[in-house]
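Beneath this line is the structure, given in structure tokens, with notes to follow.
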Amino acid sequence: MQKPDQWKAMIDRWTKQRSGCAVEWESDDPQSLFVELACRYADVTGNALYVDCLDDDCGEPECINGASLATIDGEYDLICVCGEAASFEDLARVLSAGGVLIGVTSGELHYIETQEIFGRGINWPPARPVRFAIPDAVTAAGLELVFFVEYFGVNYCPDIDSFARFLLSSQTVSDFDAAKDAVFVREIQRKLASERGIRNTEHLAVYAVTKPA
352 MQKPDQWKAM IDRWTKQRSG CAVEWESDDP QSLFVELACR YADVTGNALY VDCLDDDCGE
412 PECINGASLA TIDGEYDLIC VCGEAASFED LARVLSAGGV LIGVTSGELH YIETQEIFGR
472 GINWPPARPV RFAIPDAVTA AGLELVFFVE YFGVNYCPDI DSFARFLLSS QTVSDFDAAK
532 DAVFVREIQR KLASERGIRN TEHLAVYAVT KPA
């Protein structure tokens with residue numbers, strides 16, 4: 352995970368562009384940090400928008416679900432998207448030129464990783480990894496991706512042993528034999544943990560997008 356001072360430096364650059372917007376550094380959890388950023392910004396300008404906010408206690412920004420986004424009028428200097436409720440085309444329409452869109456999304460890791468490592472997986476065809484899907488969708492909407500990072504950590508995810516138990520009990524692949532593939536499962540664990548540095552099976556992706564002036 353990024354060190355707190357790296358996150359703070361990034362936010363400081365944004366706040367200098369928007370007078371009155373400031374965030375106290377309290378956590379290295381990127382989702383909590385960005386909720387705080389948008390809340391502080393909305394307090395000052397009233398020109399921030401949440402789409403499908405996951406934090407019921409955030410309170411300050413206007414909470415609007417993805418289904419109603421197409422009917423929103425006006426533009427926003429800061430938009431925070433939690434999850435995948437809104438299309439980037441709709442977000443581009445309501446993001447002001449030079450504004451910042453912050454996104455936080457989580458997803459399954461293990462389907463992709465097992466295929467990358469072994470050329471096989473328990474779910475075929477796989478969902479497209481967010482590290483490819485999000486940049487492509489941003490570009491297609493005429494926006495610019497300025498920040499993208501994926502986090503792997505016990506703060507968000509089940510541990511790798513849970514993944515192994517899931518594989519061993521899985522019936523989703525017709526030729527998956529738990530007894531025969533026990534060695535295969537242990538090798539997945541070893542490769543994920545030692546070669547990739549991943550000790551859990553889900554991830555959190557955080558990204559920032561701007562609309563060219």
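Residue numbers for the sequence shown follow this note's numbering, so the first one is 352 and each next one is one higher.
Quick reminder that beta carbons are idealized off the backbone N, C-alpha and C, glycines included.
Query raised in the report: Since residue 453 sits in a beta bridge, which residues does DSSP pair it with?
Result: Here residue 453 refers to the residue found at position 102 when the sequence shown is read from its first residue. DSSP output for residue 453 lists 431 and 559 as bridge partner(s).
Requested in this report: May I ask which residues mark the beginning and end of the alpha helix (DSSP H) holding residue 491?
Outcome: Looking up residue 491 in the sequence shown gives position 140. Residues 481–491.
Report task. Would you check if the distance between the CB atom of residue 492 and the CB atom of residue 564 is smaller than 8 Å? Result -> The sequence position of residue 492 within the sequence shown is 141, counting from 1. The sequence position of residue 564 within the sequence shown is 213, counting from 1. It is not a contact, given that the beta carbons lie outside the stated cut-off.
Query raised in the report: Mapping DSSP to helix, strand and coil, what is residue 564?
Result: What you label residue 564 is simply residue 213 of the sequence shown in a count that begins at 1. If DSSP states are grouped into helix, strand and coil, residue 564 belongs with coil.
**Report entry** residue 440 in three-state terms, based on DSSP
**Finding:** Position 89 of the sequence shown, counted from the first residue, corresponds to residue 440. Note: residue 440 maps to helix in three-state DSSP.
Requested in this report: Taking residue 559 and residue 498 to be in contact with their CB atoms under 8 Å, please state how far apart those CB atoms are, rounded to whole angstroms.
Outcome: Numbered from 1 along the sequence shown, position 208 holds the residue referred to as residue 559. Numbered from 1 along the sequence shown, position 147 holds the residue referred to as residue 498. Correct: roughly 4 Å between the Cβ atoms.
Report task. Identify, in the order they occur along the chain, each residue of the same chain with its Cβ nearer than 7 Å to the Cβ of residue 441, setting aside the five sequence neighbours on each side. Result -> By 1-based counting over the sequence shown, the position of residue 441 is 90. For residue 441, where only same-chain residues beyond five positions count, the Cβ hits under 7 Å are 420 and 421.
Query raised in the report: Exposed or buried, what is residue 562 when buried is set at 16 or more other beta-carbons lying within 10 Å of its beta-carbon?
Result: Numbered from its first residue, the sequence shown carries residue 562 at position 211. Burial call: buried.
Query raised in the report: Closest to residue 402 by CA distance: which of 426, 500, 431 and 541 is it?
Result: Numbered from its first residue, the sequence shown carries residue 402 at position 51. Answer by Cα proximity: 431.
Query raised in the report: When DSSP labels each residue in this structure, what does residue 494 get in the three-state scheme?
Result: As a working mapping, residue 494 is identified with position 143 in the sequence shown. In this structure, residue 494 counts as coil in the three-state DSSP scheme.
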